[in-house]
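Under the working numbering, the first residue of the sequence shown is numbered 27, with each subsequent residue one higher. Data first, discussion second: the structure below is written as C-alpha cells.
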Amino acid sequence: MSLKTRLTQPEILVAPGIFDGLTASLAAAAGFEALYLSGAAVSYTRLGRPDIGLATMSEMADTMSLIRDRIDIPVIIDADTGFGNALNAQRTIRLYERSGANALQVEDQTSPKRCGHLSEKSLISPAEMAGKIAAMADARMSDETLIIARTDAIAVEGFAAAIDRAGLYLEAGADALFIEAPRTGEELVEVAATLKGRAPLMANMVEGGSTPISSAKDLEKIGFDLVIFPGGIVRALAKTAENYYASLRQHGSNAPFSANMFDFAGLNERIGTAEMLETGKRYADHENE
C-alpha cells in the first residue's frame, strides 16, 4: 500500500524517527508501516550538532539512499525549508525522489532554520512559501510523492495565522498539513477541529518540546492521521551511549554493561549477516557452474 493510500485509512499512521540503515531496519522489523527520516536526527548523529539548519540537502539525500537500499517501506523525509528558494525546493524534491523518499516535509521558516521547538524562529511570507509548494508540486516525478506543508507560525504570528497559512499552502498544492508546536492540548484539538477533512494532518511528538506528549490513539481520536516521533531514537541511544562509555571508562571492560548490549551473534542476526553471506555464496556457486 502506498503512503498516499495509507493516509486515507481511519487508523492513525505512526512513523518513528530514523537516521541510518540500522535504525531503519530495526524500526521496520518492529512492524511500523512508515518511517520518518529526521533532519534533526541526522544533525545530531552525523554532525554531533543541534538542529539549526546545518545538515545539507546532499547529506540528507545520501542518508535517504542508504536507507532505501536497506528497507522498502515508505519513508517521509525532512526537507527543511527546501534549502533555498522555489528553484532550490524543486531540486530538493527531484533529488529526494531519486533517493527513494515517498513524502517530503517542507517548512515556512527562514534560512537557516531551527528546530520547531526552539525559540526565536522567523518565517518567510505566506506567498513565498506557497510558491515553494507550487514549484515542488510541478517538479515531482510522481503524484504518489507527497508534499507535507509545515508552518511554524504558532510561535511567531499566533494560532490564527498558522491556520490561515495552512489553508494557503493547501491551495498551492500541499497534500498534507503539519502545524508545528501547538502549545497545549487544547491547541492540538483546535488544529484538528479546524482542519480535519481538508487534508491528512500530521502531529509531532518531541520529548520535552513545546507540545504535550499524546499517544497515537489519543491523537487519532481528535482527528490526526499521522504522528511522528522524530528524535526519540537519538535521545534513547544517546543516553545508552553515555552510560556505556562511562561504564567502559570505569571498568575497562564491557562485561558490567553486557546485559544492555547485543553480543556479536545478536547484532549479526539483526543485520542479516548469515542471509547475506548465503546469498553471496549462492552467486559465487553460480559463477562456477
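Positions of the beta carbon are idealized from the N, C-alpha and C atoms, including for glycine.
Beta-bridge annotation (DSSP): T177 is paired with I205.
At a cut-off of 3 residues, the continuous stretches assigned as beta strand (DSSP E) that sit fully inside the stretch 217-299 are 227-230 and 252-255. Under the 10 Å beta carbon count, G211 is surrounded by fewer than 16 other beta carbons and is classified as exposed. Separation of the CB atoms of Y270 and F288 is rounded to 12 Å, and the pair is thereby denied contact status at 8 Å. When beta bridges are read from the DSSP output, I159 appears opposite no residue.
In this structure the stretch 96-104 touches the stretch 47-57; the number of beta carbon pairs closer than 8 Å is three or more.
Cβ contact annotation for A181 (same chain, cutoff 7 Å, sequence separation greater than five): K147 and A207, in chain order.
With contacts defined as CB atoms closer than 8 Å, R176 and V132 qualify as a contacting pair.
Residue state for P100 is assigned as coil, using DSSP reduced to three classes. Taking 3 residues as the minimum length, the beta strand (DSSP E) runs contained wholly in the stretch 52-91 are 61-63, in order along the chain.
By the criterion of at least three beta-carbon pairs nearer than 8 Å, the stretch 151-166 is in contact with the stretch 97-114. Bridge pairing for A41: I254 [DSSP].
Cβ-Cβ separation between I103 and A66: approximately 12 Å, too far for a contact (criterion under 8 Å).
Annotation for E133: the continuous beta strand (DSSP E) segment containing it runs A129 to E133. Of the residues assessed, S125 falls on the buried side of the cut-off, its CB having 16 or more other CB atoms within 10 angstroms.
Remark: C-beta atoms of I38 and E246 approach each other more closely than 8 Å.
Annotated as distal: L194 and P226, with beta-carbon spacing of 8 Å or more.
Between M228 and A188, the C-beta gap is not smaller than 8 Å, which leaves the two residues out of contact. The C-beta distance from I78 to R140 rounds to 5 Å, short enough to meet the 8 Å contact threshold.
Residue range A112 to S125 is occupied by the alpha helix (DSSP H) that includes S125.
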